[in-house]
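Trainee:
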Amino acid sequence: MILDVIKTEKPQKIDKKIMSKLKEAGMYRKVSFMRKELVNCPKESKQISPLNCMICEYFMRRIKGKIYCKYAK
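All letters in the sequence shown, in the order written, are residues 493 to 565 by the numbering used here.
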């Protein structure tokens, strides 16, 4: 499943647990611009930050404003 990234004006609040997991993975530099984006998550049925996707077990990759997800209903 391919999810489109939606740009927003205001940065989203990110949980501290998510931030610590991203630091451990060495992906902390990408956080600043990804806080101003949203994704329609099929698993949670709501809009979430792509940073939440990156720690999800169904996340595959992110390429050119698209997030590839393995989740199937």
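We put the beta carbon where it would ideally sit given N, CA and C, even for glycine.
What are the uninterrupted segments assigned as alpha helix (DSSP H) that are 4 or more residues long and contained completely in the stretch 506-560, given in chain order?
Mentor: List check, alpha helix (DSSP H) in window: 508-517, 523-526, 542-546.
Trainee: I'd like the list of long-range same chain contacts for C533, defined as Cβ closer than 6 angstroms, with 5 residues on each side in sequence excluded.
Mentor: For the purposes of this step, residue 533 is taken as the residue at position 41 of the sequence shown. Closer than 6 angstroms at the Cβ level, and outside the excluded window around C533, lie I540.
Trainee: For a test of the three-state rule: what should DSSP assign to K499, helix, strand or coil?
Mentor: Translated into positions along the sequence shown, residue 499 becomes position 7. Strand at K499.
Trainee: Between which residues of its own chain and M493 is the CB-CB distance below 8 angstroms, once the five residues before and five after are set aside?
Mentor: Residue mapping note: residue 493 aligns to position 1 of the sequence shown, counting from 1. Closer than 8 angstroms at Cβ, skipping near neighbours: P534, Y560, C561, K562, Y563, A564.
Trainee: Decide if M511 is buried, meaning its Cβ has at least 16 other Cβ atoms within 10 Å, or exposed.
Mentor: Residue 511 sits at position 19 when you count from the first residue of the sequence shown. The residue is exposed, with fewer than 16 neighbouring Cβ atoms inside 10 Å.
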